[in-house]
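Below is one structure, written out as structure tokens; the observations come after it.
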Amino acid sequence: MTTSEDHEFSDPPPDAEALKLIAALRPEQVQAIDAAVMRAAGRNWRKVAFVVGTAMGTLPELAPGIPDVFYTQRVISLVSQGRLESQGDLSRMRYSEVRIPRQAGEA
């Protein structure tokens with residue numbers, strides 16, 4: 402069951418201007434964002450907020466004005482593709498973590 406308190410702390414959706422910027426992204430820009438997210442993730446659990454902030458810091462000229470919530474959406478997409486594992490509530494980047502999946506036999 403969700404409460405108003407849960408929604409109060411969820412990351413806000415992109416605003417209208419951010420949605421225009423996101424819609425204008427070329428496929429290679431989205432791929433670069435995904436690659437930056439993967440570079441920022443590691444084999445150990447890291448806060449999504451850290452991964453997003455690190456990825457954003459590496460692409461200031463490539464994707465100017467793209468909000469952190471889009472990067473979080475890309476994290477969610479990478480989790481759904483199995484490229485990242487997650488724990489916690491991905492709608493709240495400060496309350497969730499991701500890592501690169503461990504290979505079979507890895508400790």
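Read the sequence shown against our numbering and you will find it ends at 508, with the numbers running on by one and no gaps.
In this text, a Cβ means the ideal position worked out from N, Cα and C, and glycines have one as well.
Model, not experiment: these values are computed from the prediction.
query: Cα-Cα separation, Arg447 to Arg500; result: 6 angstroms
query: Host beta strand (DSSP E) of Arg500 (start-end); result: 497-500
query: Identified DSSP bridge partners for Glu486; result: Arg500
query: Arg475 (DSSP reduced to helix, strand or coil); result: helix
query: Sheet register partners of Arg447 (DSSP bridge); result: Val499
query: Endpoints, alpha helix (DSSP H) assigned at Ile423; result: 417-424
query: Classification of Pro465 by the beta-carbon crowding that lies within 10 angstroms, buried from 16 upward; result: exposed
query: Nearest-angstrom beta carbon gap, Ala442 and Leu485 [assumed within contact, 8 angstroms]; result: 6 angstroms
query: Ala464 - DSSP class collapsed to helix/strand/coil; result: coil
query: Integer-rounded CB distance, given that Ile423 should sit under 8 angstroms from Pro415; result: 6 angstroms
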